[in-house]
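A.B. asks: Quick note: the sequence shown uses this note's numbering, first residue 114, plus one each step.
The beta-carbon is built from N, C-alpha and C at its ideal position, and this holds for glycine as well.
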Amino acid sequence: MTQTAATPLPIVILISGRGSNLQSIIDCAASGALSVEIRAVISNRPHAAGLEIARAAGISTEVLDHDRYADRQSFDQALQSRIDHYQPGLVVLAGFMRLLSDDFVAHYHGRMLNIHPSLLPELPGLNTHRRAIKAGHSKHGASVHFVTPEVDGGPVLLQAHVPIKPDDDPESLAERVLAQEHRLYPLAIQWFAEQRIFLDEHGQIIFDEQPLLHPRDLAMEHALPC
Ligand code: GRF
114 MTQTAATPLP
124 IVILISGRGS
134 NLQSIIDCAA
144 SGALSVEIRA
154 VISNRPHAAG
164 LEIARAAGIS
174 TEVLDHDRYA
184 DRQSFDQALQ
194 SRIDHYQPGL
204 VVLAGFMRLL
214 SDDFVAHYHG
224 RMLNIHPSLL
234 PELPGLNTHR
244 RAIKAGHSKH
254 GASVHFVTPE
264 VDGGPVLLQA
274 HVPIKPDDDP
284 ESLAERVLAQ
294 EHRLYPLAIQ
304 WFAEQRIFLD
314 EHGQIIFDEQ
324 PLLHPRDLAM
334 EHALPC
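This is the structure in structure tokens:
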């Protein structure tokens, strides 16, 4: 698919909960700074607050409740079929709390991004803020990465660094990281929309036609004005 400045990148966003990253993507798209057309928001949880955010913005929503499927494979197949119905150029995981089967991940190879609240490869998995504090780290943050079969293990394209303060608890740290996530994800998606980043056949990120040897640092970039 070839995007031009006049053709916003069609995306589908997957959520499971609150939807604050979804909100930041909607806001940036509405401002015109992020050149995407959000074709649908799909949740695996019927009561995800993010569904209301999407509806309020006039975006199509769907619920695929994973509890109603016999196993992971049948859920993933149904999800894939619903996503592909919208023909997205990019699938955006925004707080989508499901492990994904290898076949599903392979189907979206190079066209599915995730945001994770840590400086990957540090702290994959859950409860990253509490674990960062407990481990005595001085720095924490968030990462945007391409999705590969290894959970939170795909190549990272962009990170935001957040210092951990002596009096931080998991909630205060999470709040500061989340504020950075809301700047981070729209920028990464915009780079994809502008075709500045892609995965090559070896799983290496190419950024502006060069191999990206280290993740870009948000502090060195111009976040989108939204
Ligand atoms: C974020 O911290 C994101 O990094 C992680 O899940 C959380 C989702 O939050 N993957 P929200 O639903 O976008 O508010």
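Spell out the partners DSSP gives H253 in its beta bridges.
C.D. replies: Within the sequence shown, numbered from 1, the residue matching residue 253 stands at position 140. For H253, which the question treats as bridged, DSSP gives the partners V275.
A.B. asks: Between the region 168-178 and the region 147-155, can you find at least three pairs of beta-carbon atoms closer than 8 angstroms?
C.D. replies: Result yes; three or more Cβ-Cβ pairs closer than 8 angstroms.
A.B. asks: Please name the residue, chosen from V269, L212, A162, that lies closest to A301 on a Cα-to-Cα basis.
C.D. replies: The residue you call residue 301 lines up with position 188 of the sequence shown. It is V269.
A.B. asks: For the alpha helix (DSSP H) containing L297, list its first residue and its last residue.
C.D. replies: In the sequence shown, counting from the first residue as 1, residue 297 sits at position 184. Unbroken alpha helix (DSSP H) run through L297: 283-306.
A.B. asks: Note down the Cα distance separating I246 from H198, rounded to an integer number of angstroms.
C.D. replies: Here residue 246 refers to the residue found at position 133 of the sequence shown. Here residue 198 refers to the residue found at position 85 of the sequence shown. Cα-Cα distance, rounded: 42 angstroms.
A.B. asks: What residue does the beta strand (DSSP E) around S156 start on, and which one ends it?
C.D. replies: In the sequence shown, the residue the question calls residue 156 occupies position 43. Here the beta strand (DSSP E) through S156 covers 149-156.
A.B. asks: Return helix, strand or coil for T120, following the three-state DSSP convention.
C.D. replies: Sequence index remark: in the sequence shown, residue 120 carries index 7 (1-based). Of the three classes helix, strand and coil, the one that applies to T120 here is coil, per DSSP.
A.B. asks: Please work out which residues of its chain come closer than 7 angstroms, Cβ to Cβ, to D265, disregarding the five sequence neighbours upstream and downstream, and give them in chain order.
C.D. replies: Position 152 of the sequence shown, counted from the first residue, corresponds to residue 265. The answer, listed in chain order, is H229, L233, P237, G238.
A.B. asks: Could you check where the alpha helix (DSSP H) with L239 kicks off and where it finishes?
C.D. replies: Here residue 239 is taken as the residue at index 126 of the sequence shown, counted from 1. From DSSP, L239 is part of no alpha helix (DSSP H); its letter is neither H nor E.
A.B. asks: Who pairs with E175 in a beta bridge, going by DSSP?
C.D. replies: Taking the first residue of the sequence shown as 1, we reach residue 175 at position 62. Bridge partners of E175: I155.
A.B. asks: With H, G and I counted as helix, E and B as strand and the rest as coil, what does DSSP make of Q200?
C.D. replies: Mapped onto the sequence shown, residue 200 falls at position 87. Q200: coil per DSSP, three-state reduction.
A.B. asks: Does DSSP classify H220 as helix, strand or coil?
C.D. replies: Taking the first residue of the sequence shown as position 1, residue 220 is located at position 107. In the structure shown, H220 sits in a helix (DSSP, three-state: H, G or I).
A.B. asks: Distance check for W304 and L286, CA to CA, integer angstroms please.
C.D. replies: Taking the first residue of the sequence shown as 1, we reach residue 286 at position 173. Taking the first residue of the sequence shown as 1, we reach residue 304 at position 191. Each residue's Cα considered, the two are about 27 angstroms apart.
A.B. asks: Assess, as a yes-or-no matter, whether the region 133-149 is touched by the region 286-297 under the definition of 3 or more beta carbon pairs within less than 8 angstroms.
C.D. replies: Verdict: yes, contact present.
A.B. asks: Assuming I128 contacts A207 (C-beta within less than 8 angstroms), just tell me the rounded distance between them.
C.D. replies: Here residue 128 is taken as the residue at index 15 of the sequence shown, counted from 1. Here residue 207 is taken as the residue at index 94 of the sequence shown, counted from 1. Confirmed, about 5 angstroms.
A.B. asks: If I follow the unbroken beta strand (DSSP E) through L226, where does it start and stop?
C.D. replies: Along the sequence shown, one-based indexing puts residue 226 at 113. That run of the beta strand (DSSP E) goes 225-229.
A.B. asks: Excluding the 5 residues preceding and the 5 following P324 in the sequence, name in chain order all residues of the same chain whose CB lies nearer than 6 angstroms to its CB.
C.D. replies: Locating residue 324 in the sequence shown gives position 211, where the first residue counts as 1. Closer than 6 angstroms at Cβ, skipping near neighbours: Q317.
A.B. asks: Would you check if the distance between the CB atom of V205 and the CB atom of I124 is smaller than 8 angstroms?
C.D. replies: In the sequence shown, residue 205 corresponds to position 92, counting from 1. In the sequence shown, residue 124 corresponds to position 11, counting from 1. For V205 and I124, yes; Cβs fall inside 8 angstroms.
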